[in-house]
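*Asks:*
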Amino acid sequence: MTWEQLVAQAWPAAQNERIGDWLLRYSGGVTKRANSVQVLGPAERPGPRELDAAVAEVEGFYAGHGLPSCFQLGPGAPDWLAGELAGRGYRTVDPTLIMTAPLTGPEPDVPDPEPVTVHDRPSLDWLDAWLSVDGRGGPEQVPWARTILTGHPSVYAEVGGDSGGPPRAVGRGVPQGEWLGVYCMATEPSQRRRGYGAAVLRTLRAWGARRGAERAYLLVTEANKPALRLYERAGFEVAAHYSYQVKG
1287 MTWEQLVAQA WPAAQNERIG DWLLRYSGGV TKRANSVQVL GPAERPGPRE LDAAVAEVEG
1347 FYAGHGLPSC FQLGPGAPDW LAGELAGRGY RTVDPTLIMT APLTGPEPDV PDPEPVTVHD
1407 RPSLDWLDAW LSVDGRGGPE QVPWARTILT GHPSVYAEVG GDSGGPPRAV GRGVPQGEWL
1467 GVYCMATEPS QRRRGYGAAV LRTLRAWGAR RGAERAYLLV TEANKPALRL YERAGFEVAA
1527 HYSYQVKG
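Following my numbering, the residues of the sequence shown are numbered contiguously, the last one being 1534.
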């Protein structure tokens, strides 16, 4: 699968509408990834009228949901599209790295600060922990988040949640053949720099390796320097890039 296909499989939108090679995705505004246009493959530049009509349909779709029009442009997007969107008032936001690492090989001999537990469904506390750290909104967005995060078989790791309090750190592992997608890595701000995020990451990688995955991938914005340092220390390297083009 392409990167776009892997990510779309792991992070499915609640609603989809297709316009030619564009897939319009909507999920209550929870993450740009599930509320943006996915470009499904390379395509020749359409004529001006055809392009005008397609962009107008996209903008009408998202306006109808109270959201700005947004395109996700990754490795498979045609080269001409970013320029066309810029000329129509779109701006680039959230440049993001796709990073990969093998699941086999030596693991650092570092004890986990606390036990990491893995579940096959996300609890309400797990969802609240991810939403609050990731700045996604309030209780009204929990059902949308649950729909996205349970749309493909996954596991949900946490530190501290089984001790009676809210999780200190969480993460999601998505088995996809030879790949393990690592998503939703989040640590409660007051609990950072204590090794909880690293422990969750180690646990998910070990879980994936036991189930036959060979490599892990994850997504991180270029601006998230603390997370980048964590992933680089864990052996992840940049494999691809994508960004969003947002109207206005």
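C-beta: ideal position from N, C-alpha, C; glycine also.
(1) Determine the closest residue to Tyr-1482 out of Val-1468, Ala-1499 and Arg-1454, with distance taken between C-alpha atoms.
(2) For Trp-1308, which residues does DSSP report across the bridge?
(3) Mind checking whether Trp-1278 and Leu-1292 have CB atoms under 8 Å apart?
(4) Please state the DSSP three-state secondary structure of Asp-1380.
(5) Looking at the unbroken beta strand (DSSP E) that takes in Ala-1525, where does it start and where does it end?
(6) Counting pairs of Cβ atoms below 8 Å between the stretch 1377 to 1385 and the stretch 1519 to 1531, do you hit three or more?
(7) Anyone know if the C-beta pair for Leu-1490 and Ala-1443 falls short of 8 Å?
(8) Applying the criterion that 16 or more other CB atoms from any shown protein chain within 10 Å of the CB defines a buried residue, is Trp-1366 buried or exposed?
(9) CA-CA distance, Val-1441 and Val-1419?
(10) Using CA coordinates, which residue listed in Arg-1319, Arg-1304, Gly-1306 and Ile-1305 is at the minimum distance from Thr-1290?
(11) Report yes if the CB atom of Leu-1389 is closer than 8 Å to the CB atom of Ala-1499, and no otherwise.
*Replies:* For this structure:
(1) Taking the first residue of the sequence shown as position 1, residue 1482 is located at position 196. For the residues Val-1468, Ala-1499 and Arg-1454, the minimum Cα distance to Tyr-1482 belongs to Arg-1454.
(2) In the sequence shown, counting from the first residue as 1, residue 1308 sits at position 22. Ile-1305 and Val-1325.
(3) With the chain represented from 1287 up to 1534, any question about residue 1278 goes unanswered, as that position is not in the structure.
(4) The sequence position of residue 1380 within the sequence shown is 94, counting from 1. Reduced to three states, the DSSP call for Asp-1380 is strand.
(5) Sequence index remark: in the sequence shown, residue 1525 carries index 239 (1-based). Per DSSP, Ala-1525 belongs to the beta strand (DSSP E) from 1523 to 1533.
(6) As far as the Cβ criterion goes, the stretch 1377 to 1385 touches the stretch 1519 to 1531, which means the pair count is three or higher.
(7) Here residue 1490 refers to the residue found at position 204 when the sequence shown is read from its first residue. Here residue 1443 refers to the residue found at position 157 when the sequence shown is read from its first residue. Against a cut-off of 8 Å, the Cβ pair of Ala-1443 and Leu-1490 comes out as a contact.
(8) Locating residue 1366 in the sequence shown gives position 80, counting from the first residue. The residue in question, Trp-1366, is exposed, as its Cβ has fewer than 16 Cβ neighbours within 10 Å.
(9) Here residue 1441 refers to the residue found at position 155 of the sequence shown. Here residue 1419 refers to the residue found at position 133 of the sequence shown. Rounded to the nearest angstrom, the two C-alpha atoms are 19 Å apart.
(10) Translated into the one-based positions of the sequence shown, residue 1290 becomes position 4. Checking the displayed sequence, the identity of residue 1290 turns out to be Glu instead of Thr. Closest option to Glu-1290, Cα to Cα, is Arg-1319.
(11) In the sequence shown, counting from the first residue as 1, residue 1389 sits at position 103. In the sequence shown, counting from the first residue as 1, residue 1499 sits at position 213. The answer is yes: Cβ separation under 8 Å.
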